[in-house]
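Take a look at the structure below.
Residue numbers (the numbering used here), protein chains in the order written: chain P, 1 to 342; chain D, 1 to 342.
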């Protein structure tokens, strides 16, 4: 039977090892897989859009392991008490097609998105960066803050959200962990003096959480929330004057901030930077943008990491998802014999 | 939490209600959904091929319900004690993107494939059909036989497989259920006098389980096994002289028997026949072929049926796959508070 890491197991894992330790470890898995980018069969995710949100499948495979994630994005969900994003996923053995590991991925996606952002920021933010602005204080905010601290040492937060209660939630969650948290009353106040700005808003619309005149030379922008057609966060004039790094160009042209720009606008893929094929930040004045939409490879890495970290532990359960008759050609025997115990 | 119908639950359902009753009921669900074909957002499945097999995701959605299936096809698996095909799937609420029902789908796929075949045969086989030939006696064979009996009354089976033990297995499983089973020593012997021929072989190759000279006027061919590029079962000359019905033309052009024919070879989609937009069989002499590759809509129907049939029963369990903090914007609280009980 395949292993199952459910929500309770995932929560216990993060409590056991600590979110920052896990984020640091995850960066290694992300890097390892990005360095072998050419080993993967890659396709843009398969999305089904409605007026209220999107449902996506994100598969990827190398020659030995296959993964996919199911994930939704419904910006109106929090108003009715639900998560904007929920997700689960799976690893399967390519040789025989059998699933080997199922996992909740709502928490895991928050971790992997933050780890991926921190990895990009490590290559792109100024090495003397100190102040981290968060525009958007939803479910991802704390994970982004922790990853930026774990990887870049950023401990000063300046947080803005149109929902003041969400900003207060970030303060309540992060001050006890040693962050200095400024509750900003506007995006202007949040980005004042910031070296890195994470935009992480959820509206399914062409927004501009950040305007061109709020961006100063040397800033690194970590743009998380613009991630499907018609859903962007940045004033496009910011992008025109910045170095833009993406995950997987064919997908980001469709889903990312650069959907606002002509299709020949030059971008660099993150794996190129991580593997040394392309430069990271090239000057102290450069404005850099990680136009992150979330790509299947980082889910693959996150699932591998969760599988390795939970192996042999009480975090794991089993899921009875593989029909397994004694004679492989006698599937019908499962219907005629007494059913196996649940 | 979403419901879970696992392998044990699925087995108990089939034992509780009986495979033939379930197959008859499933035909109604398939028909209902085929009649509203235009309500669905349809795409060909997303396949990842290796030399040893294929792994596929099969999503589909209408305006209220989304489904997908994960399924593999690995013809060498039985030689190492594994199923050729394993599958699981899910239903989600389109409005909020939350999964509501997870199910094993190895058994469910066998049921839905057989029910879909029987539905097509009801429209395409001669009404005086009596003898059912099975070429290929693997995991699908008994389900195909039961569906053809439940829907068309075919109780005489003539079975051939290169693996004699598999043929004997079919006899052992089906004679006690009232079938008359001829163990054929060749495909020729199996199709002798048959009114309907089901081909259900697994090799990932251009095979010809059935040759043109084995096909007689009036026969209905139910071709199940040719279902991905390079994997076919029928002599293409059979198709050239037959009426060919498919599930979803864009997918079948790529995956089905008709991959052997020019792209303008005329086919009819099954929903057209079921809804009365196109004729079924038009003469006693016509040769009809259901070129079945398996389409996401029949999985959608099968999941709906399994969900309805198991609702409120002890067949169902739960799966802890949805992170659900009290404050929807405070996902991080799941990491700081004590973990919920598993």
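Idealized CB from N, CA, C, for every residue including glycine.
Express the C-alpha separation of residue j and residue i in angstroms, rounding to a whole number.
i	j	result
residue 265 (chain D)	residue 289 (chain D)	13 Å
residue 292 (chain P)	residue 122 (chain D)	51 Å
residue 90 (chain P)	residue 325 (chain P)	23 Å
residue 166 (chain D)	residue 137 (chain D)	5 Å
residue 54 (chain D)	residue 15 (chain P)	38 Å
residue 100 (chain P)	residue 57 (chain P)	18 Å
residue 52 (chain P)	residue 276 (chain D)	35 Å
residue 19 (chain D)	residue 68 (chain P)	32 Å
residue 118 (chain P)	residue 129 (chain P)	12 Å
residue 173 (chain P)	residue 323 (chain P)	44 Å
residue 26 (chain P)	residue 113 (chain P)	10 Å
residue 281 (chain P)	residue 242 (chain P)	11 Å
residue 183 (chain P)	residue 171 (chain P)	8 Å
residue 286 (chain P)	residue 273 (chain P)	16 Å
residue 215 (chain P)	residue 87 (chain P)	33 Å
residue 335 (chain D)	residue 12 (chain P)	8 Å
residue 24 (chain P)	residue 153 (chain P)	12 Å
residue 339 (chain P)	residue 22 (chain P)	Because residue 339 (chain P) carries a pLDDT of 45, less than 50, the predicted location of this residue cannot be relied on, and no value is offered for it.
residue 125 (chain P)	residue 40 (chain P)	28 Å
residue 304 (chain P)	residue 143 (chain D)	37 Å
residue 300 (chain D)	residue 236 (chain P)	41 Å
residue 222 (chain D)	residue 197 (chain D)	6 Å
residue 205 (chain P)	residue 258 (chain P)	14 Å
Name the chain P residues that come within less than 9 Å of residue i, Cβ to Cβ?
i	result
residue 74 (chain D)	95, 96, 97, 98
residue 169 (chain D)	327, 329, 330, 332, 333
residue 296 (chain D)	Neighbours of residue 296 (chain D) on chain P: none; closest Cβ ~11 Å, over 9 Å.
Give the single residue among the options whose Cα lies nearest to the Cα of residue i.
i	options	result
residue 188 (chain P)	P:220, P:134, P:141	P:134
residue 141 (chain D)	D:115, D:271, D:34, D:94	D:115
residue 148 (chain D)	D:120, D:167, D:9	D:120
residue 64 (chain P)	D:50, D:296, D:39	D:50
residue 102 (chain P)	P:281, P:36, P:239, P:6	P:6
residue 44 (chain P)	P:60, P:30, P:38, P:32	P:60
residue 224 (chain D)	D:13, D:109, D:307, D:126	D:109
residue 81 (chain P)	D:315, D:96, D:212, D:39	D:96
residue 261 (chain P)	P:230, P:117, P:309	P:230
residue 283 (chain D)	D:320, D:219, D:316, D:256	D:219
residue 185 (chain P)	P:234, P:168, P:13, P:195	P:168
residue 294 (chain P)	P:3, P:272, P:71	P:71
residue 191 (chain D)	D:236, D:206, D:213	D:213
residue 270 (chain P)	P:30, P:21, P:22	P:30
residue 195 (chain P)	P:217, P:203, P:163	P:217
Which same chain residues end up closer than 7 Å to residue i when comparing Cβ atoms and leaving out the 5 residues on each side of it in sequence?
i	result
residue 83 (chain P)	77, 106, 139
residue 161 (chain P)	136, 137, 167
Just to make sure I have the definition right: I need the residues of chain P whose C-beta is within less than 7 Å of the C-beta of residue i. Which are they?
i	result
residue 66 (chain D)	48, 55
residue 175 (chain D)	Within 7 Å Cβ-Cβ: nothing; residue 175 (chain D) doesn't reach chain P, min ~12 Å.
What residues of chain P sit near residue i, judged by a beta carbon separation below 8 Å?
i	result
residue 81 (chain D)	328
residue 343 (chain D)	Nothing about residue 343 (chain D) can be reported from this structure: the residues present for chain D run from 1 to 342 only.
residue 70 (chain D)	68, 90, 92, 99
residue 107 (chain D)	323, 331, 334, 335
residue 222 (chain D)	What residue 222 (chain D) touches in chain P: nothing, since even the nearest Cβ is about 18 Å away.
Suppose the cutoff is 8 Å on Cβ atoms and the five residues either side in sequence are ignored; what does the same chain contact list for residue i look like?
i	result
residue 177 (chain P)	146
residue 341 (chain D)	Model confidence at residue 341 (chain D) stands at a pLDDT of 47, short of 50, so the residue's coordinates are unreliable; what they give is reported in the following sentence. Excluding sequence neighbours, residue 341 (chain D) sits near nothing in its chain.
residue 263 (chain D)	253
residue 36 (chain D)	62
residue 251 (chain D)	44, 45, 293, 295
For residue i, collect the residues of the same chain with a Cβ closer than 6 Å to its Cβ; drop the 5 residues on either side in sequence, then sort them by chain order.
i	result
residue 200 (chain P)	136, 140, 224, 225
residue 9 (chain P)	315
residue 48 (chain D)	55
residue 210 (chain P)	199, 234
residue 180 (chain P)	156
residue 278 (chain P)	268, 272
Closer than 7 Å by beta-carbon distance: list the chain D residues that pair up with residue i, in chain order.
i	result
residue 236 (chain P)	None at all; the shortest Cβ gap to chain D is about 28 Å.
residue 142 (chain P)	332
residue 166 (chain P)	329
Using a Cβ cut-off of 9 Å, pull out every chain D residue sitting near residue i, in sequence order please.
i	result
residue 78 (chain P)	327, 328, 329
residue 52 (chain P)	94, 95, 96, 97
Could you name the residues of chain D that residue i contacts, counting a contact when the two beta carbons are closer than 8 Å?
i	result
residue 7 (chain P)	320, 321, 322, 323, 324, 334, 340
Point to revise | Segments of 3+ residues assigned as beta strand (DSSP E) that fall wholly inside the segment 208 to 238 of chain P | key: 220 to 223, 232 to 234
Check your understanding: Which ranges would you report for the alpha helix (DSSP H) in the segment 157 to 199 of chain P if only whole runs of at least 4 residues count?
Key -> 164 to 174, 187 to 191
Review point. Residues in the segment 117 to 144 of chain D with C-beta within 9 Å of chain C's C-beta atoms, listed in sequence order?
Key: Here chain C cannot be found, since the structure's protein chains are P and D.
Check your understanding: Which runs of the alpha helix (DSSP H) fall wholly inside the segment 237 to 290 of chain P and span at least 4 residues, in chain order?
Key -> 249 to 255, 270 to 274
Exercise for review: Output the residue ranges of the beta strand (DSSP E) runs that lie fully inside the segment 65 to 103 of chain P and measure 3 residues or longer, sorted by chain position.
Suggested key: 65 to 73, 87 to 93
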